[in-house]
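*Asks:* Protein chains in written order, with our numbering: chain G, 130 to 494; chain F, 13 to 305.
Glycine included, every Cβ here is placed at the ideal spot set by N, Cα and C.
The structure that follows is given in the form of structure tokens.
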Amino acid sequence: MATSSENPVERPPDRAMLAGLTPPTRPTLPRLGSPPVQSSDRTNHGRAERPRLASRRPRFQALAEVAIRVLAFTSIAAIILIFVFIGKEAWPLFHSAAIAREVTLAKMWFAQQWPGYDAPEHVWQPVSEIPKYAAWPLVVGTLKVTLIAMLVAVPLGVGAALFVSQYAGRRLREIVKPTVELLAGVPSVVLGFFALMVMASWMQQALGLDSRLNALVAGVALSFAIIPVVFTVSEEAFGAVPRSYVEASTALGAARWQTILRVIVPAAGPGVAAGIALGLGRAVGETMIVLMASGNAAILSASPADSVRTVSATIAAELAEVVFGGAHYTVLFFLGVLLFAFTLGTNLLGEFAIGRMRRRLGGAA
Amino acid sequence: MQKRQAQGMGDRTGSRRILRAVTQGLAIATALLAPLAAAAGEITVKGSDTMVILGQRWAEEYMRAHPSATIQVTGGGSGTGISALINGTTEICQASRPMSAAEKEKLRDRYATVGVEIPVARDGLSVYVNASNPLTEITMDQLKLIFTGKVTNWKELGGRDGKIVVYSRENSSGTYVFFKEHVLKNADYTVRAQSMPGTAAVVNAVAKEKFGIGYGGAAYAKGIKVLKVKQDAGSPAIAPDEAHVKDGSYPLSRPLFFYLRNKPTGDAGAFVDWVLSAAGQAIVTKVGYYPIK
């Protein structure tokens with residue numbers, strides 16, 4: 130893709146490149162790669178002069194600035210509005226007496242002795258004579274699928290990024306990189322359908338699992354959606370390590386693998402961490418793949434061979450039918466708040482890591 | 013137009029309307045598309061996933077005979093359909109279970125009517141197992157034990173040694189509720205029961221799962237084996253075929269309903285009359301369910 134040409138192998142060890150780290154040029158993924166500053170003198174720090182160029186049309190620029198500002202604030206306002214809305218719908222869970230008769234926070238988080246059950250249990254059965262809203266099976270299910278997805282996606286994503294940025298020749302890189310990034314464009318419903326129809330049967334036969342649909346199938350399918358996220362951000366992090374680091378290491382007599390392991394990986398560490406954090410956020414929130422491939426049984430267990438029901442899939446499957454403002458509805462929105470808070474947390478963590486890497490590289494060079 | 017008025021009546025406050033729009037948008041985009049397409053002569057039919065195929069066949073045939081009519085059929089589950097009827101987003105609701113007292117009350121609160129119930133077909137709710145399963149019949153008690161998780165191996169029922177994989181439906185499904193009431197006697201499904209989004213998904217899952225078991229409408233039974241059901245150990249095993257479903261001797265036979273807010277008139281009335289006519293009921297048989305008369 131276009132980015133590969135923006136990451137030339139030849140990187141001038143000067144500060145101009147590091148200054149270029151700051152403007153993120155992509156809307157979704159923070160850009161760590163260097164701007165197209167070539168080692169030749171021809172380009173003459175083109176990026177720095179662009180504002181002066183635009184000032185020939187000040188009226189247009191002012192208009193564009195206002196428009197961009199409005200757009201930026203609209204998205205912020207939308208996020209705040211969404212959070213307020215979800216929170217408002219979940220709020221009755223904490224104070225409404227009518228809902229407290231059916232469900233309380235304690236009933237959600239502690240095992241209950243239900244009539245017809247032998248021992249106190251965590252049960253998610255919202256449509257029942259006595260509705261039961263235990264949150265742990267859903268939370269544990271979500272974490273289980275996420276963990277499996279991350280265990281697959283992180284080594285593959287980071288490994289591929291390391292290979293593409295350090296070992297692959299230009300030709301190979303221009304094939305591998307767009308291909309991995311293409312994976313990000315596959316709709317999750319397609320991944321889910323593939324997992325449901327094909328992968329589930331393969332994995333059951335290969336591993337001798339009790340049921341076709343389980344956490345393992347869902348987790349592996351989910352990893353396909355996470356790999357491009359981890360890969361893209363990590364690859365850019367590796368690419369952003371200044372040439373001077375590599376040269377210094379080589380000058381000290383380090384072998385290629387020593388340079389990579391001891392210099393490049395530690396320097397790019399926060400960037401890789403950011404990729405992992407962003408991938409984690411995606412994994413927890415992803416709905417369609419797990420809805421289709423996990424079997425959706427709210428089993429509280431540690432076994433990856435068991436079916437799971439994730440928080441996001443539960444909301445998707447049940448919200449359509451619930452009574453507005455009822456206990457079930459409120460609980461689903463409360464789960465939505467949890468999900469929102471968690472993904473917001475991981476994304477902030479990712480941003481923080483990227484910021485740290487910029488500062489570290491900027492300060493060291 | 014009629015439809016939009018009804019919607020307006022149903023919405024008491026602006027926030028409710030927004031709320032409803034958001035949740036329905038999450039559920040099925042068609043709920044949002046329906047008002048866009050609302051034209052004169054358009055009838056919206058929504059509800060039971062069991063009845064989607066049937067409703068669509070009816071709509072196709074009816075539209076062929078009456079080119080001016082437009083009928084839009086969507087699924088989502090009986091509960092979803094009844095909610096839509098109460099919220100005013102559908103004209104006809106298809107349901108594979110009777111409306112509950114609570115739902116009737118909500119309808120009365122909004123429209124001062126308890127709605128009109130029209131049985132349009134009969135279904136023999138079938139029990140599916142994998143084609144390789146040697147079992148041919150099962151008692152209602154055994155079904156309850158399996159679906160509540162008390163029996164977990166086919167060996168215990170005289171089958172092969174293998175862990176039973178239980179397939180159920182999402183809890184918005186009328187079939188889920190019917191099975192829970194009539195087979196589980198309102199006990200909870202086992203937590204190991206996997207929820208499938210539709211009957212076709214259950215059939216597909218059981219067809220691929222050697223030790224699977226599931227339930228659903230008779231019309232979907234393809235590529236799997238349908239078990240005969242016994243009321244208890246001493247009674248005869250009965251297959252969900254026409255004679256036994258119609259006379260009610262099949263233990264899991266059930267009527268399928270249309271629900272409307274008021275007695276159907278105009279376009280909807282003509283459609284309902286046609287569904288109950290010989291032509292409409294012939295389609296019931298063709299799809300795989302059984303005529304009401």
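Using only the alpha-carbon positions, how far apart do residue 47/F and residue 79/F sit?
*Replies:* Sequence index remark: in the second sequence, residue 47/F carries index 35 (1-based). Sequence index remark: in the second sequence, residue 79/F carries index 67 (1-based). Low local confidence applies: a pLDDT of 43 at residue 47/F is under 50, so the model's placement there is unreliable, and no value is given.
*Asks:* Using the beta-carbon of each residue, which ones in chain F are nearer than 7 Å to residue 425/G?
*Replies:* The count along the first sequence starts at 1 and reaches residue 425/G at position 296. Per Cβ cutoff of 7 Å: 206, 207.
*Asks:* DSSP on residue 208/F, reduced to helix/strand/coil?
*Replies:* Counted from its first residue, the second sequence places residue 208/F at position 196. Here residue 208/F sits in strand by DSSP.
*Asks:* Nearest chain G C-beta to residue 215/F closer than 8 Å, yes or no?
*Replies:* Walking along the second sequence from the start, residue 215/F turns up at place 203. Residue 215/F does not count as touching chain G.
*Asks:* Looking at C-alpha atoms only, which residue of 409/G, 447/G, 417/G is the closest neighbour of residue 272/G?
*Replies:* Mapped onto the first sequence, residue 272/G falls at position 143. It is 409/G whose Cα lies nearest to the Cα of residue 272/G.
*Asks:* Report the rounded CA-to-CA distance for residue 270/F versus residue 302/F, giving the unit in angstroms.
*Replies:* Within the second sequence, residue 270/F is the residue found at index 258, counting from 1. Within the second sequence, residue 302/F is the residue found at index 290, counting from 1. Approximately 15 Å between the Cα atoms of the pair.
*Asks:* Residues in the segment 129-150 of chain F with C-beta within 9 Å of chain G's C-beta atoms, listed in sequence order?
*Replies:* none
*Asks:* Determine the DSSP secondary structure at residue 298/F, reduced to helix, strand or coil.
*Replies:* Residue 298/F sits at position 286 when you count from the first residue of the second sequence. Residue state, collapsed to three classes: helix.
*Asks:* Let me confirm a value: residue 103/F is counted as buried when at least 16 other C-beta atoms fall within 10 Å, else exposed. Which label applies?
*Replies:* Counted from its first residue, the second sequence places residue 103/F at position 91. So residue 103/F ends up on the buried side.
*Asks:* Anything in chain B within Cβ reach of residue 199/F, meaning under 7 Å, just list it in chain order.
*Replies:* The structure shown has no chain B; the protein chains it does contain are G and F.
*Asks:* By Cβ distance below 6 Å, which residues in the same chain neighbour residue 358/G in space, the five residues on each side in sequence not counted?
*Replies:* Numbered from 1 along the first sequence, position 229 holds the residue referred to as residue 358/G. Cβ within range, chain order: 407, 408, 411.
*Asks:* Is residue 480/G helix, strand or coil when you go by DSSP?
*Replies:* Looking up residue 480/G in the first sequence gives position 351. If DSSP states are grouped into helix, strand and coil, residue 480/G belongs with the helices.
*Asks:* CB residue 425/G to CB residue 112/F, shorter than 8 Å?
*Replies:* Here residue 425/G refers to the residue found at position 296 of the first sequence. Here residue 112/F refers to the residue found at position 100 of the second sequence. No, these two residues do not count as a Cβ contact at 8 Å.
*Asks:* For residue 319/F, which of helix, strand or coil comes out of DSSP?
*Replies:* Residue 319/F lies beyond the range of chain F shown here (13 to 305); nothing can be said about it.
*Asks:* Would you identify the three-state DSSP class for residue 368/G, choosing helix, strand or coil?
*Replies:* The count along the first sequence starts at 1 and reaches residue 368/G at position 239. The answer is helix: DSSP assigns residue 368/G an H, G or I state.
*Asks:* If contact is defined by three or more beta carbon pairs under 8 Å, each pair taking one atom from either stretch, is the segment 234-242 of chain G in contact with the segment 467-479 of chain G?
*Replies:* no
*Asks:* Is there a C-beta anywhere in chain F that falls below 8 Å from the one on residue 446/G?
*Replies:* Position 317 of the first sequence, counting from 1, holds the residue named residue 446/G. For residue 446/G, the answer is yes, since a Cβ of chain F falls inside 8 Å of its Cβ.
*Asks:* In whole angstroms, what separates the C-alpha of residue 140/F from that of residue 417/G?
*Replies:* If you number the second sequence from 1, residue 140/F lands on position 128. If you number the first sequence from 1, residue 417/G lands on position 288. Each residue's alpha carbon lies about 26 Å from the other.
*Asks:* Any contact between the segment 54-67 of chain F and the segment 228-243 of chain F? By contact I mean 3 or more CB pairs, one from each, below 8 Å.
*Replies:* Result yes; three or more Cβ-Cβ pairs closer than 8 Å.
*Asks:* Please name the residue in 200/G, 463/G, 478/G, 475/G whose C-alpha comes closest to that of residue 220/G.
*Replies:* The sequence position of residue 220/G within the first sequence is 91, counting from 1. Ranking 200/G, 463/G, 478/G, 475/G by Cα distance to residue 220/G puts 463/G first.
*Asks:* What does the Cβ neighbour count give for residue 133/F, buried or exposed, with the cut at 16 atoms within 10 Å?
*Replies:* Here residue 133/F is taken as the residue at index 121 of the second sequence, counted from 1. Looking at its Cβ environment, which holds 16 or more other Cβ atoms inside 10 Å, residue 133/F is buried.
*Asks:* My understanding is that residue 90/F touches residue 127/F, with C-beta atoms under 8 Å, so please give their C-beta distance in whole angstroms.
*Replies:* As a position in the second sequence, residue 90/F is number 78, starting the count at 1. As a position in the second sequence, residue 127/F is number 115, starting the count at 1. With 8 Å as the limit, residue 90/F and residue 127/F do not qualify as a contact, their Cβ atoms being about 13 Å apart.
*Asks:* Is the distance from the Cβ of residue 239/F to the Cβ of residue 117/F below 8 Å?
*Replies:* Your numbering for residue 239/F matches position 227 in the second sequence. Your numbering for residue 117/F matches position 105 in the second sequence. No, these two residues do not count as a Cβ contact at 8 Å.
*Asks:* Using a 10 Å radius around the Cβ and a threshold of 16 neighbouring Cβ atoms, would you call residue 297/F buried or exposed?
*Replies:* Counting from 1 along the second sequence, the entry for residue 297/F is found at position 285. Label assigned to residue 297/F: exposed.
*Asks:* Residues in its own chain within less than 7 Å of residue 251/G by CB, not counting five upstream and five downstream?
*Replies:* The sequence position of residue 251/G within the first sequence is 122, counting from 1. 240, 263, 265, 266, 429, listed in sequence order.
*Asks:* Is the separation between the beta-carbon of residue 449/G and that of residue 423/G shorter than 8 Å?
*Replies:* Looking up residue 449/G in the first sequence gives position 320. Looking up residue 423/G in the first sequence gives position 294. The Cβ-Cβ distance between residue 449/G and residue 423/G does not fall below 8 Å.
*Asks:* Using the Cα positions of residue 232/G and residue 200/F, report the straight-line distance between them to the nearest angstrom.
*Replies:* Locating residue 232/G in the first sequence gives position 103, counting from the first residue. Locating residue 200/F in the second sequence gives position 188, counting from the first residue. Taking the straight line joining both Cα atoms gives about 17 Å.
*Asks:* Given residue 294/G, which residues of its chain have a CB within under 6 Å of its CB, disregarding the five upstream and five downstream residues?
*Replies:* Translated into positions along the first sequence, residue 294/G becomes position 165. Excluding positions up to five away in sequence, the list reads 364, 367, 368.
*Asks:* Roughly how many whole angstroms lie between the Cα atoms of residue 195/G and residue 474/G?
*Replies:* The residue you call residue 195/G lines up with position 66 of the first sequence. The residue you call residue 474/G lines up with position 345 of the first sequence. If you take the alpha carbons of residue 195/G and residue 474/G, they lie about 30 Å apart.
*Asks:* In chain G, what lies closer than 9 Å to residue 184/F by C-beta?
*Replies:* On the second sequence, position 172 is the one that residue 184/F refers to. Going along chain G in sequence order, the residues near residue 184/F (Cβ under 9 Å) are 256, 446, 447, 449, 450, 451.
*Asks:* What would DSSP say about residue 263/F, mapped onto helix, strand or coil?
*Replies:* Reading the second sequence from its first residue, position 251 is the one you call residue 263/F. DSSP places residue 263/F in coil when its eight states are reduced to three.
*Asks:* Which two residues bound the contiguous alpha helix (DSSP H) that contains residue 317/G?
*Replies:* Here residue 317/G refers to the residue found at position 188 when the first sequence is read from its first residue. It spans 317-323 - the alpha helix (DSSP H) in which residue 317/G sits, taken as one unbroken run.
*Asks:* Could you tell me whether any Cβ in chain F is nearer than 8 Å to the Cβ of residue 107/G?
*Replies:* Not covered by the structure: residue 107/G. The range shown for chain G is 130 to 494.
*Asks:* Taking 8 Å as the threshold, find out whether the segment 262-280 of chain F comes into contact with the segment 96-110 of chain F through three or more Cβ pairs.
*Replies:* yes
*Asks:* With a threshold of 16 other CB atoms inside 10 Å of the CB of residue 435/G, please say whether the residue is buried or exposed.
*Replies:* By one-based count along the first sequence, residue 435/G stands at place 306. Around the beta carbon of residue 435/G, 16 or more other beta carbons lie within 10 angstroms, which makes this residue buried.
*Asks:* Can you list the residues of chain G that residue 58/F reaches, using a CB-CB cut of under 7 Å?
*Replies:* Position 46 of the second sequence, counted from the first residue, corresponds to residue 58/F. Chain G residues near residue 58/F: none, gap ~11 Å exceeds 7 Å.
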